[in-house]
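Here the structure comes first, spelled out in structure tokens, and everything after it is commentary.
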Amino acid sequence: MNFGYDEHGNRLQSDDDSKSSDSNANSNDNDYEVATVSDDDMKHSEGSDDSRSNHTDSSDEEEKRNGGDSSSEFSDDVELIIGEMANQSINEPLVDSKDIVSDRRADITQGKFLLEDRRVTSLLIQDKHQKQVSSPERGFLDLVRGISSRHRNVALIGHLHHGKTSLLSLLLGGRSYRQREDEVERKISIKSGMVTEVVAGAQYQQSSHLVSFIDTPGHPDFAAETSAALRLADAALFCVDAVESLSRGGARLLRQAVLQEGIPIILVITKIDRLIMDLKLPPIDAYRKLRMVIDAVNNEITSLGSPFLVSPVNGTVCFTSSKLGFCFSTETFALKYSREYPTIDATALSKRLWGQIAFEKGKFVKITNFRQRPAFVSFILEPLYKIVAHALTGKGHETLSSGLHPYPRDPVSAVREAVRLFCGDAATEGIDILLNVLPQTNERSSWLLSRYRLPSYLENSAIAIAPLLRSQNNGTENFAVVRVLYGVLKRGMKLVVVDEHSSDAEPFYTFVVKELLLKMVDGFVEVESAIAGQVVLLNGFGTRPGSHLVLVGGAATASLLLEEDEYNAVEEEEEEEDASSAWLDEVQVYPLKCGDPIIHVGVELKDPTKSTQFQSGLQILVRTTPGLDAHKEETGEFTLTGYGELHLDTALHELRCGLCAGIKIGISQPFVSFSETVLEKDGILAVSGSKRAQIGFTSGTMDRQLTERIEYEQLNLFPTDESSVVKVWTALRQYDMDALDARHVIAAGPHATKGPSILINDTLEEEQELAPLTQQRLQAISVGFRSAVASGPLTGDVVRGAALRLIFADIAAEIKDTAVLSIARTTVKQALLGAQPRLLEPVLAVDITCPPECVAKIAEILQMRRGSIVSEEPIAATTLVCVRALVPAMDSFGLETQMRMTTQGEAFPLFSFDRWDLVPGDPFDATIHVGMLQPARGYQLARDFTLKTRFRKGLPPLLAEFQL
Numbered sequence: 012m013n014f015g016y017d018e019h020g021n022r023l024q025s026d027d028d029s030k031s032s033d034s035n036a037n038s039n040d041n042d043y044e045v046a047t048v049s050d051d052d053m054k055h056s057e058g059s060d061d062s063r064s065n066h067t068d069s070s071d072e073e074e075k076r077n078g079g080d081s082s083s084e085f086s087d088d089v090e091l092i093i094g095e096m097a098n099q100s101i102n103e104p105l106v107d108s109k110d111i112v113s114d115r116r117a118d119i120t121q122g123k124f125l126l127e128d129r130r131v132t133s134l135l136i137q138d139k140h141q142k143q144v145s146s147p148e149r150g151f152l153d154l155v156r157g158i159s160s161r162h163r164n165v166a167l168i169g170h171l172h173h174g175k176t177s178l179l180s181l182l183l184g185g186r187s188y189r190q191r192e193d194e195v196e197r198k199i200s201i202k203s204g205m206v207t208e209v210v211a212g213a214q215y216q217q218s219s220h221l222v223s224f225i226d227t228p229g230h231p232d233f234a235a236e237t238s239a240a241l242r243l244a245d246a247a248l249f250c251v252d253a254v255e256s257l258s259r260g261g262a263r264l265l266r267q268a269v270l271q272e273g274i275p276i277i278l279v280i281t282k283i284d285r286l287i288m289d290l291k292l293p294p295i296d297a298y299r300k301l302r303m304v305i306d307a308v309n310n311e312i313t314s315l316g317s318p319f320l321v322s323p324v325n326g327t328v329c330f331t332s333s334k335l336g337f338c339f340s341t342e343t344f345a346l347k348y349s350r351e352y353p354t355i356d357a358t359a360l361s362k363r364l365w366g367q368i369a370f371e372k373g374k375f376v377k378i379t380n381f382r383q384r385p386a387f388v389s390f391i392l393e394p395l396y397k398i399v400a401h402a403l404t405g406k407g408h409e410t411l412s413s414g415l416h417p418y419p420r421d422p423v424s425a426v427r428e429a430v431r432l433f434c435g436d437a438a439t440e441g442i443d444i445l446l447n448v449l450p451q452t453n454e455r456s457s458w459l460l461s462r463y464r465l466p467s468y469l470e471n472s473a474i475a476i477a478p479l480l481r482s483q484n485n486g487t488e489n490f491a492v493v494r495v496l497y498g499v500l501k502r503g504m505k506l507v508v509v510d511e512h513s514s515d516a517e518p519f520y521t522f523v524v525k526e527l528l529l530k531m532v533d534g535f536v537e538v539e540s541a542i543a544g545q546v547v548l549l550n551g552f553g554t555r556p557g558s559h560l561v562l563v564g565g566a567a568t569a570s571l572l573l574e575e576d577e578y579n580a581v582e583e584e585e586e587e588e589d590a591s592s593a594w595l596d597e598v599q600v601y602p603l604k605c606g607d608p609i610i611h612v613g614v615e616l617k618d619p620t621k622s623t624q625f626q627s628g629l630q631i632l633v634r635t636t637p638g639l640d641a642h643k644e645e646t647g648e649f650t651l652t653g654y655g656e657l658h659l660d661t662a663l664h665e666l667r668c669g670l671c672a673g674i675k676i677g678i679s680q681p682f683v684s685f686s687e688t689v690l691e692k693d694g695i696l697a698v699s700g701s702k703r704a705q706i707g708f709t710s711g712t713m714d715r716q717l718t719e720r721i722e723y724e725q726l727n728l729f730p731t732d733e734s735s736v737v738k739v740w741t742a743l744r745q746y747d748m749d750a751l752d753a754r755h756v757i758a759a760g761p762h763a764t765k766g767p768s769i770l771i772n773d774t775l776e777e778e779q780e781l782a783p784l785t786q787q788r789l790q791a792i793s794v795g796f797r798s799a800v801a802s803g804p805l806t807g808d809v810v811r812g813a814a815l816r817l818i819f820a821d822i823a824a825e826i827k828d829t830a831v832l833s834i835a836r837t838t839v840k841q842a843l844l845g846a847q848p849r850l851l852e853p854v855l856a857v858d859i860t861c862p863p864e865c866v867a868k869i870a871e872i873l874q875m876r877r878g879s880i881v882s883e884e885p886i887a888a889t890t891l892v893c894v895r896a897l898v899p900a901m902d903s904f905g906l907e908t909q910m911r912m913t914t915q916g917e918a919f920p921l922f923s924f925d926r927w928d929l930v931p932g933d934p935f936d937a938t939i940h941v942g943m944l945q946p947a948r949g950y951q952l953a954r955d956f957t958l959k960t961r962f963r964k965g966l967p968p969l970l971a972e973f974q975l
């Protein structure tokens, strides 16, 4: 049966239709010859076409019966507009070049960095003698750089796809903030990108400021990049999607900025257009949604113990939409009303545009019932909704303004034009909002000097930190992102560099500043110096493996550089100079607070003759990728360690295609880190040594919360002042530790401060038979203890949550400390074996955003991978839910792909480390045998993981090292 259309949707023609179409075709051939038609001709044509009109009327009636009349599908108040005229100018291209994104595979060897490869020459001009001199723009840039009060450094942080990079492009006035090609291809930020610009506000802050913006990744796998960026910033723009609200990933970043870095927060609610155009919420519901977002952020800040809450009233909340091109706050909107009505006080009005305040009968009143509309709705949201509605309908542009284009390219372009006309330029409005609340750089610099234990009283010195290193052009050009904390950093200055790998044998190395650069939107700009508070790029960063640098130059390093420089000094002068170098013994590299990576992958070099080139490229990769670690195994292969699959994937892509292009390497399947712990509260006594040197230890468990507080440095076990010592003793007694044990904690290990195991001295002076236990002996025993808990007896991994007790130590005076260290290490491992050691595995938290109908499929997938759903929370005003689940890291590989394929892309999971958990089973149960090509399940897992991990690391069979 045929309904008048073929299989492709084309209308079938009858014989009459074909004849009429032929005649129409003939007439169309001569259409261009016809200029005008007279009224008589029209009447004649009407009379001659009666038969055809009758046929048409019958066809129309048949169409109406078949539902073909489109007007019947809508109500009477709907106007149907059939567009037949092109709205685009003949001179405007059909396809904008900015909308074209290359689909080719990103080639890192060919310009991976799109901007960093060039220097800016527009700031230099040639005089009549053909010499390059500074242009007026360059002179103005140098003038602003020299004023410390005009410097601002701000980091853009937020959850994945919450609009950080789009916000930065909006603040830069639409200028192309270009990213790396691999970031464009993956559509996410991978590296923290910095750009410095001279900006000024529209009304409040019209004076120019030098602002350094640091765009950070939002994916949890790149948490170390965000930590390093926060170390450079004075404040953070915390971006939250207006629809998705505060996510758990965003809450972790907020906790990191407020609690760990102590920097102020400016809340930026992005993608306001989604409330209007996607969710189509009424203005009052949109206001309630925005209020929920702000309340969620403030609740999280309050839980961290910070008194500084965000609010539109104090200017720490702004609302943006990169799609529609606007950025506003209550202050900027109040200023617009004051310009229209000069009698209005903008400051007073801005305080009343948020909260439970309504505008009724010409005055502001407190809201007492739900029918009243808040002032934010009346003065801000409703006008914004009207602008968007008028622009989208495509009619009434003349009533809005004669300056609007009557035929915009598309509806979104029409809205952007209308919003820009009525709300102002988004870049200058946003800069106005930021400069009103951003703090000056001196406060943050003082805080960093105290954390790094650096002096701020040395004259004619320069102090800087470099938590971020960058590389380009296959490692031939290296840069350190430097923040100057004190003094003036100049080109040609010789610096003393301390990194995280500095030791007593090699406490520092020297480096000469060859080039200082500002990274601007147009490229690199060379500068001669950088004052305190400024963030610049330093060309080169030495050859040592450190990736977190402390740079000191000037008078503070005179005595340290004495051996390398040509200075000659007498003994009296040397004594005076030694006093100025005392800071070197106290300085510490304040670590980034981002946790430890747990995902590993093995890399094998296929061609041993290129080992030097490969190791050089691998060292550059590790130094320029925060959170990435690499070490060489006894088997000769290298193990790369990262935070997740995406972290390792991007690093290996850069290694294979850029730094070590052309070198064949083999990559293993990913695996995870394990840890070890003990189950017994008081284990058996382990004794080892000889008659002249005998040491005894016992091992027991430690409270889990105490372990976490020590590991995350929330509790300092070894404070310097007496008041803090008493507080530590009091805190330890809260975790089932008596006062005597709390006062005799002598070491933590394997890390000297973070543990996560501790050593308690339980010896008595009267029990020492051979010689008294001196502080030097205790130091050697502590080193042996740290060595033992760094490589546990099961898989050679870190021991967590173990409290070792030194019961006795009978050591003769002639025994060397190295022998004491070896005996202590062996005894500690035996004590761990006597307290029922067990294996720990990392557990990941999975945050999944999906529709409710996908939850059952997700639960089924997680159950197959030893995971489970913990909670399910709906996202307000949407049809989505946020599912929180837990899954062991060992079973998480490929889970994201499986979940997205099963739900057809509707589920979007993100993984982050949650905790360590016991692996089921006994690793010493020799009766467990797993068949060939069969997976281990349940109680078999501990034994299977232990044996396979020891085999991979090349360790001897379990307990073989302790057998005689």
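Residues 12 to 975 in this note's numbering are what the sequence shown lists, from first letter to last. Cβ coordinates follow ideal geometry from the N, Cα and C atoms, glycine included. Fair warning: this is a prediction, and the values are worked out from it, not measured in the lab.
#1: At 3 residues or longer, and completely inside the stretch 250-322: list those beta strand (DSSP E) runs for me, N to C.
#2: Would you mind sorting G316 into buried or exposed? The rule is 16 or more other CB atoms within 10 Å of its CB.
#3: So, are the CB atoms of F344 and I391 less than 7 Å apart?
#4: Quick check on Q267: buried or exposed, where buried means 16 or more other Cβ atoms within 10 Å of its Cβ?
#5: Under DSSP, the beta strand (DSSP E) around N550 begins and ends at which residues?
#6: How would you write the range of the beta strand (DSSP E) that C338 sits in, first residue to last?
#7: With distances taken from CA atoms, which of K334, I476 and A244 is nearest A429?
#8: Can you find the residues in the same chain that come closer than 6 Å, C-beta to C-beta, to S258, ignoring five residues on each side of it along the sequence?
#9: Please name the residue or residues paired with R156 in a DSSP beta bridge.
#10: Based on Cα-Cα distance, which residue from I442, L805, D933 and R797 lies nearest to L832?
#11: Does the contact criterion of 3 or more C-beta pairs under 8 Å hold for the stretch 212-219 versus the stretch 232-252?
#12: Under DSSP, the alpha helix (DSSP H) around P394 begins and ends at which residues?
#13: Please list the terminal residues of the continuous alpha helix (DSSP H) segment that includes P422.
#14: For I474 and L496, what's the separation of their Cα atoms in angstroms?
#15: Which residues in the same chain have their Cβ closer than 6 Å to the Cβ of D821, if we skip the five residues on either side of it in sequence?
#16: Would you say L528 and F535 are within 7 Å of each other, going by their C-beta atoms?
#17: Tell me E978's beta-bridge partners as DSSP assigns them.
#18: Using only alpha-carbon positions, find the residue among R911, A425, A870 and P619 that is nearest to S677.
#19: Helix or strand or just coil, what does DSSP make of W10?
#20: By the three-class DSSP mapping on this structure, what secondary structure does Y520 have?
#21: Cα separation between L969 and R811?
#22: What residue range does the alpha helix (DSSP H) around V448 cover?
#23: Assign Y352 to one of two classes, buried (16 or more other C-beta atoms within 10 Å of its C-beta) or exposed (fewer than that).
#24: With a Cβ-Cβ cutoff of 7 Å, do G565 and N471 count as a contact?
#25: Can you round the beta-carbon distance between K175 and T227 to whole angstroms, since I take them to be within the 8 Å contact cut?
#26: Taking the alpha helix (DSSP H) that N453 belongs to, which residues open and close that run?
#27: Since N772 sits in a beta bridge, which residues does DSSP pair it with?
#28: Using alpha carbons as the reference points, say which of S768, T568, L616 and P608 lies closest to W594.
#29: How would you call A953, buried or exposed, if buried means at least 16 neighbouring beta carbons within 10 angstroms?
#30: Would you call the stretch 181-201 and the stretch 149-158 in contact, with 3 or more CB pairs under 8 Å?
#31: Could you compute how far the alpha carbon of G613 sits from the alpha carbon of P967?
#32: Do the stretch 187-203 and the stretch 541-558 meet, that is, are 3 or more Cβ pairs less than 8 Å apart?
#33: Please determine if the stretch 768-787 and the stretch 815-830 are in contact, where contact requires at least 3 C-beta pairs separated by less than 8 Å.
#34: Could you give the C-beta distance for H230 and L657, rounded to a whole number, given that I count them as a contact under 8 Å?
#35: Determine the direct distance from the alpha carbon of G638 to that of L125, and round the result to whole angstroms.
#36: Can you tell me the Cα-Cα spacing of E917 and R911, whole angstroms?
Quick look at the numbers:
#1: 276-281
#2: Numbered from its first residue, the sequence shown carries residue 316 at position 305. Answer is exposed; the Cβ neighbour count stays below 16.
#3: Counting from one through the sequence shown, the residue named residue 344 turns up at place 333. Counting from one through the sequence shown, the residue named residue 391 turns up at place 380. Cβ atoms of F344 and I391: closer than 7 Å.
#4: For the purposes of this step, residue 267 is taken as residue 256 along the sequence shown, with counting starting at 1. Buried, since its Cβ has 16 or more Cβ neighbours within 10 Å.
#5: Taking the sequence shown and counting its residues from 1, one reaches residue 550 at position 539. N550 -> beta strand (DSSP E) spans V546 to N550.
#6: The count along the sequence shown starts at 1 and reaches residue 338 at position 327. F337 to F339 is the span of the beta strand (DSSP E), which, as asked, contains C338.
#7: Mapped onto the sequence shown, residue 429 falls at position 418. With distances taken between Cα atoms, A429 lies closest to K334.
#8: Translated into the one-based positions of the sequence shown, residue 258 becomes position 247. Taken in chain order, the residues that qualify are H170.
#9: The residue labelled residue 156 in the question sits at position 145 within the sequence shown. Looking at the DSSP assignment, R156 forms no beta bridge with any residue, so it has no partner.
#10: One-based indexing of the sequence shown puts residue 832 at position 821. Nearest option by C-alpha distance: R797.
#11: no
#12: In the sequence shown, residue 394 corresponds to position 383, counting from 1. It spans E393 to T404 - the alpha helix (DSSP H) in which P394 sits, taken as one unbroken run.
#13: Taking the sequence shown and counting its residues from 1, the one referred to as residue 422 is at position 411. Where P422 is concerned, the enclosing alpha helix (DSSP H) stretches over P422 to C434.
#14: To locate residue 474, count along the sequence shown from 1; it is residue 463. To locate residue 496, count along the sequence shown from 1; it is residue 485. Roughly 6 Å between the two C-alpha positions.
#15: What you label residue 821 is simply residue 810 of the sequence shown in a count that begins at 1. Excluding residues within five positions, the ones whose Cβ falls inside 6 Å are Q705, E780 and L781.
#16: Stepping through the sequence shown from its first residue, residue 528 is reached at position 517. Stepping through the sequence shown from its first residue, residue 535 is reached at position 524. A contact, by the Cβ cut-off of 7 Å.
#17: No information on residue 978 is available, as it lies outside the stretch 12 to 975 that the chain covers here.
#18: For the purposes of this step, residue 677 is identified with residue 666 of the sequence shown, where counting begins at 1. With the sequence shown as reference, residue 677 is identified as Gly, and Ser is not the correct amino acid for it. Checked all of R911, A425, A870 and P619; the closest Cα to G677 is P619.
#19: No answer is possible for residue 10: the residues shown for the chain start at 12 and end at 975.
#20: Along the sequence shown, read from residue 1 onward, the residue named residue 520 stands at position 509. Y520 falls in the strand class under three-state DSSP.
#21: Taking the sequence shown and counting its residues from 1, the one referred to as residue 969 is at position 958. Taking the sequence shown and counting its residues from 1, the one referred to as residue 811 is at position 800. Going from the Cα of L969 to the Cα of R811 covers about 20 Å.
#22: As a working mapping, residue 448 is identified with position 437 in the sequence shown. A437 to V448 is the extent of the alpha helix (DSSP H) around V448.
#23: In the sequence shown, residue 352 corresponds to position 341, counting from 1. Flag for Y352 reads exposed.
#24: By one-based count along the sequence shown, residue 565 stands at place 554. By one-based count along the sequence shown, residue 471 stands at place 460. Yes, the pair counts as a contact, with Cβ atoms nearer than the cut-off.
#25: Against the sequence shown, residue 175 aligns to sequence position 164. Against the sequence shown, residue 227 aligns to sequence position 216. About 7 Å; that satisfies the 8 Å criterion.
#26: Numbered from its first residue, the sequence shown carries residue 453 at position 442. T452 to R462 is the span of the alpha helix (DSSP H), which, as asked, contains N453.
#27: Your numbering for residue 772 matches position 761 in the sequence shown. Its beta-bridge partners are L817.
#28: Here residue 594 is taken as the residue at index 583 of the sequence shown, counted from 1. The candidate whose alpha carbon is nearest that of W594 is T568.
#29: The residue labelled residue 953 in the question sits at position 942 within the sequence shown. Buried: at least 16 other Cβ atoms inside 10 Å.
#30: no
#31: Counting from 1 along the sequence shown, the entry for residue 613 is found at position 602. Counting from 1 along the sequence shown, the entry for residue 967 is found at position 956. Taking the straight line from one Cα to the other gives about 20 Å.
#32: no
#33: yes
#34: Your numbering for residue 230 matches position 219 in the sequence shown. Your numbering for residue 657 matches position 646 in the sequence shown. With 8 Å as the limit, H230 and L657 qualify as a contact, their Cβ atoms being about 6 Å apart.
#35: The sequence position of residue 125 within the sequence shown is 114, counting from 1. The sequence position of residue 638 within the sequence shown is 627, counting from 1. Low per-residue confidence applies at L125: pLDDT is 39, beneath 50, and the placement is therefore not dependable enough to give any value.
#36: Within the sequence shown, residue 917 is the residue found at index 906, counting from 1. Within the sequence shown, residue 911 is the residue found at index 900, counting from 1. Rounded to the nearest angstrom, the two C-alpha atoms are 7 Å apart.
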